[in-house]
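Asks: Below is one structure. I have some questions about it.
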């Protein structure tokens, strides 16, 4: 569902990782330099926030990389 929502497929290794564990709980210390591995619901929310920012601030260069931004 997440891949459909954001418009592209995760690499197989990322998909397999999420099948084992759905990210880290909010408020925990991040695995990657202090950055938390997002839960899938947070991935979708962040994607939607970035889409909104792209529309609001006309960051057109994102549209060439993210095909679902204007759908």
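Numbering (this note's numbering), first residue to last: 1344 to 1414. Idealized CB from N, CA, C, for every residue including glycine. Given the structure is predicted, the values throughout are model-derived calculations rather than measurements.
(1) On the criterion of 16 or more Cβ atoms from any shown chain inside 10 Å, does residue 1386 qualify as buried, or is it exposed?
(2) Which term fits residue 1349, buried or exposed, when burial requires 16 or more other beta carbons within 10 angstroms of its beta carbon?
(3) If you scan the segment 1350-1393 from start to end, which runs of the alpha helix (DSSP H) of 4 or more residues do you find wholly inside it?
(4) Using DSSP with H/G/I as helix, E/B as strand and the rest coil, what is residue 1348?
Replies: Taking the coordinates as given:
(1) As a working note, residue 1386 is residue 43 in the chain shown. Residue 1386 counts as buried, since no fewer than 16 other beta carbons sit within 10 angstroms of its beta carbon.
(2) Taking the chain shown and counting its residues from 1, the one referred to as residue 1349 is at position 6. Residue environment analysis places residue 1349 among the buried positions, since at least 16 neighbouring C-beta atoms fall within 10 angstroms of its C-beta.
(3) Counting whole runs of 4 or more residues, the segment 1350-1393 contains the alpha helix (DSSP H) stretches 1355-1363.
(4) Looking up residue 1348 in the chain shown gives position 5. Of the three classes helix, strand and coil, the one that applies to residue 1348 here is helix, per DSSP.
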